[in-house]
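Peer 1:
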Amino acid sequence: MNTRSRRPAAKAGSRKKINQKPAKGKKSTIDINLLTQKASAQPEKTVYVAERTFAEMPLHARLQKTIAKKGFSTPTEIQDKTLEHLLAGRDLMGVAQTGTGKTGAFLIPLINRLVSGKDSFRILVLAPTRELALQIDEEFKSLTSGLGLYSQCFIGGTNLNRDLQKLGRKSHIVIGTPGRLLDLYQRRAIKFSEFDVLILDEFDRMLDMGFNKDVHRITSQMSNRKQTLLFSATVDRKQQGFIDRLLTNPIEVKVSNGETTGKHIDQEIIKVVDGQDKFGMLTDLLGQPEFTKVLVFAETKRWVSKVNKMLTQSGFSSDEIHGNKSQNYRQVALKKFSSGRIQILVATDVAARGLDVSDVTHVINYQLPASIDSYIHRIGRTGRAGKQGKAFTFIN
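For our numbering, add 4 to where a residue sits in the sequence shown, where the first one is 1.
Structure below.
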């Protein structure tokens, strides 16, 4: 690795040493020997090729037009394998990661049923993060342009009074995070019994983030639920009992995005001994020319803000996202990072879930994550779309 530092000149008095006490929270269970791996040669990516196009699928002509306008010609694997089942109202257990077309897999058949006018039903979508909820809402609006179908999105960090006003308008689908939806329910502004179809997206992340009780409360009130679609990147044995209670005779589909997490990511650890300037080691890395779009992870909101502040004081272009930032702030920060206006985004695990930014050159774990699952999710932000990525993890 090139060790020449091209770090921007620090502002006067800004290069102070950060107190490197471990972040409070869960003790990491990771075996650090798992964090070193050289990227393997890129194998041919397995690509699923559907034997039919969207134009050949049993979809309403008006919906086919909006799909064509989006530039979609053939379905992804999960879209191809589930369409007829979901049109027929079957429950679904879909094991699928980001990038498999799962959002289209559940939206397209449900939109088709609404456009056809044969069914009259309302849809509730639960998403673990604000960002994912907004992405689903945007996709619905895009697929239903000109079709006379309406959505509403309710997420934390937005004005609650405006949400209450929005509920008076017509909607076919409501998308939201569990916490905000329960806020509205407790104010008697929304009735879960009015929804016929339930979609749980990124179910494993939802449970990881502690939404177990919230999901239980919401689903227990859906007395008129006729169809449930559950999507999860992984299925834990501990979750199976809950899943079995949610789904009735489901079709089960498991697909991958054609990539194996970590196989094409160069992983290295950086050991920090007592007395070493850990922050200085970080800026030495970031000052190298190949570090053009970097995600830096810390374990707590406080540490994210502290690291970001020190980076900006040292002359780097950086910003931060975590749960204490407003939704608007996070969206602006993500846009700046995605467009290349800033070099570095410092984040917590939760804030970065669902993050889909292309061309992330490096992931740096400034603090060791609590579990191997969190580690895999973090480094999976780089090395995407067949490109080789690099991940560095600081070990105190």
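Built from N, CA and C at the ideal position, the CB exists for glycine as well.
Taking all protein chains shown into account, decide if Gly150 is buried (16 or more other Cβ within 10 angstroms of its Cβ) or exposed.
Peer 2: Exposed, since its Cβ has fewer than 16 Cβ neighbours within 10 Å.
Peer 1: Going by other Cβ atoms of all chains shown within 10 Å of its Cβ, with 16 needed for buried, is Ser146 buried or exposed?
Peer 2: That one is exposed.
Peer 1: Quick one: which unbroken beta strand (DSSP E) runs of 3-plus residues sit fully inside the stretch 192-228? Chain order, please.
Peer 2: The qualifying runs are 201-204.
Peer 1: Could you tell me which of Val239, Asp353, Gly291, His268 sits nearest to Lys258, measuring between CA atoms?
Peer 2: Of the listed residues, the one whose Cα sits closest to Lys258 is Val239.
Peer 1: Nearest CA to the CA of Gly121: which residue from His176, Phe207, Ser260?
Peer 2: Selected option, being the one with the closest Cα: His176.
Peer 1: Once DSSP output is grouped into helix, strand and coil, what is the label at Val51?
Peer 2: The answer is coil: DSSP assigns Val51 none of H, G, I, E or B.
Peer 1: Enumerate, from N- to C-terminal direction, the unbroken alpha helix (DSSP H) stretches of 4 or more residues contained entirely within the stretch 316-386.
Peer 2: Within the stretch 316-386, the complete alpha helix (DSSP H) runs of at least 4 residues are 331-343, 353-356, 376-383.
Peer 1: In angstroms, rounded to a whole number, what distance separates the CA positions of His326 and Leu63?
Peer 2: In a straight line, the C-alpha of His326 is about 41 Å away from that of Leu63.
Peer 1: For my contact list, Gln83 and Gly108 are in at a C-beta cut-off of 8 Å; report their separation, rounded to the angstrom.
Peer 2: Contact flag correct, Cβ pair sits at about 6 Å.
Peer 1: Who are the Cβ neighbours of Pro47 in its own chain at under 6 Å, not counting the five residues just before and after it?
Peer 2: With a pLDDT of 45 at Pro47, under the threshold of 50, the predicted position of this residue should be treated as unreliable, and no value is reported.
Peer 1: Assuming Val308 contacts Glu324 under a Cβ cut-off of 8 Å, what Cβ separation, rounded to an integer in Å, is found between them?
Peer 2: About 5 Å separates the two Cβ atoms, so the contact holds.
Peer 1: Do Phe246 and Ile222 come within 9 Å of each other at the CB atom, strictly closer than that value?
Peer 2: For Ile222 and Phe246, no; Cβs fall outside 9 Å.
Peer 1: Would you mind stating whether Asp363 and Arg382 have Cβ atoms separated by less than 9 Å?
Peer 2: The answer is no: Cβ separation not under 9 Å.
Peer 1: Which partner residues does Ile112 have in the DSSP bridge list?
Peer 2: Ile112 is not bridged to any residue.
Peer 1: On the CB-based measure, 16 or more other CB atoms within 10 Å of its CB, does Arg56 come out buried or exposed?
Peer 2: Exposed: under 16 other Cβ atoms inside 10 Å.
Peer 1: Glu256 lies in the beta strand (DSSP E); which residues open and close that run?
Peer 2: From DSSP, the beta strand (DSSP E) with Glu256 extends over 255-258.
Peer 1: Quick one: what's Glu272 bridged to in DSSP?
Peer 2: BP columns for Glu272 point to Phe396.
Peer 1: Please name the residue or residues paired with Gln231 in a DSSP beta bridge.
Peer 2: Paired residue(s): Val201.
Peer 1: Taking Pro155 as part of the beta strand (DSSP E), name the residues at either end of that continuous run.
Peer 2: The sequence given here has Ser at residue 155, not Pro. Element bounds for Ser155: 155-158.
Peer 1: Three Cβ pairs or more, each shorter than 8 Å: is that satisfied between the stretch 207-222 and the stretch 123-142?
Peer 2: Taking 8 Å as the limit for Cβ pairs, the verdict is that the stretch 123-142 does touch the stretch 207-222.
Peer 1: So for Phe246, helix, strand or coil by DSSP?
Peer 2: Of the three classes helix, strand and coil, the one that applies to Phe246 here is helix, per DSSP.
Peer 1: Can you tell me whether DSSP reads Met285 as helix, strand or coil?
Peer 2: Correct three-state label for Met285: helix.
Peer 1: What residue does the alpha helix (DSSP H) around Phe144 start on, and which one ends it?
Peer 2: Unbroken alpha helix (DSSP H) run through Phe144: 134-147.
Peer 1: Consult DSSP for Met61 and reduce its assignment to one of helix, strand or coil.
Peer 2: Coil.
Peer 1: Can you tell me where the beta strand (DSSP E) holding Gly180 begins and where it ends?
Peer 2: Looking at the DSSP string, the run of the beta strand (DSSP E) that includes Gly180 is 177-180.
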